[in-house]
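Notes follow the structure.
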Amino acid sequence: MAVPLPVLLGTLTQRLYREELDPSFDGDVEAGTPFCSSGTPACDADYDYDARKPYAAVRKIGLTGRIGKPLITIHGTLDALLPISRSSDVYADMVGGHRPFRYYRITDGTHVDSLYAAYPDKLRPLLPCFRSAFETLEGWVERGQNPPPSATLPRPSTGDLPNECRLGA
């Protein structure tokens with residue numbers, strides 16, 4: 041039986057974090073039992089965060105918004121896996137405007153660029169924006185070049201979307 045991609049990714053993500061934050065949950069199994077029925081020993085489906093209480097481990101990686109090093113965040117407005125309003129928008133508010141942070145919301149970007157080929161008139165690939173953001177971050181850190189202000193970047197009406205992304209005006 042094939043496992044749907046969202047289920048596979050969700051299970052993989054849960055297992056990675058759970059194994060790191062609460063490694064004793066599954067004992068010697070190490071990484072639990074994936075795609076199992078509830079009641080199976082060390083089954084990820086039975087993980088109970090409130091009962092296990094890995095709060096100290098979670099606090100160590102908790103998002104506070106108190107960053108000290110330059111950070112650039114890129115997020116697509118059509119991301120259905122990690123909705124922008126519940127993730128990057130929230131984090132940008134936590135960071136605020138007084139820290140070395142830029143946030144670029146990519147209009148029509150999703151979570152995975154593979155959908156762009158099927159819907160080139162509706163979606164925008166993020167990879168070119170990640171490349172541009174990395175080069176911008178490199179200039180910020182290594183040469184003191186301030187990046188463009190945070191912004192929601194509209195989908196360009198012309199240009200080479202799979203290969204280009206401008207963060208500034």
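In the numbering used here, each residue's number is its place in the sequence shown (first place is 1) plus 40. Where is the CB? At the ideal position from N, CA and C, for every residue including glycine.
| Check | Outcome |
| --- | --- |
| Specify the secondary structure class of Cys76 as computed by DSSP and reduced to three states. | coil |
| Which runs of the alpha helix (DSSP H) fall wholly inside the segment 58-114 and span at least 4 residues, in chain order? | 89-92, 95-101 |
| Under a three-way DSSP split, which group does Thr53 fall into? | helix |
| Specify whether the segment 148-167 and the segment 175-183 touch according to this definition: at least 3 beta carbon pairs, one from each stretch, less than 8 angstroms apart. | no |
| Should Phe141 go down as buried or exposed, given a rule of 16 or more other Cβ atoms within 10 Å for buried? | buried |
| Flag this pair as yes or no: are the beta carbons of Asp84 and Pro74 separated by less than 8 angstroms? | yes |
| Consult DSSP for Tyr143 and reduce its assignment to one of helix, strand or coil. | strand |
| Between the beta-carbon of Leu61 and the beta-carbon of Val98, is there less than 8 angstroms? | yes |
| To the nearest angstrom, how far is the alpha carbon of Met134 from that of Thr104? | 7 angstroms |
| How is Ala191 classed by DSSP in three states: helix, strand or coil? | strand |
| Taking 7 angstroms as the limit between beta carbons, can you name the residues of its chain near Thr176, skipping five residues before and five after? | Ile112, Pro187, Leu207 |
| Since Ser128 and His115 are thought to touch, with beta carbons under 8 angstroms apart, how far apart are those beta carbons, to the nearest angstrom? | 4 angstroms |
| Return the residue from the list Cys205, Gly137, Lys162 that minimises the CA-CA distance to Arg106. | Gly137 |
| Identify which residue in Arg139, Pro94, Thr80 has its Cα closest to the Cα of Lys109. | Arg139 |
| Where does Arg164 fall in DSSP's three states? | strand |
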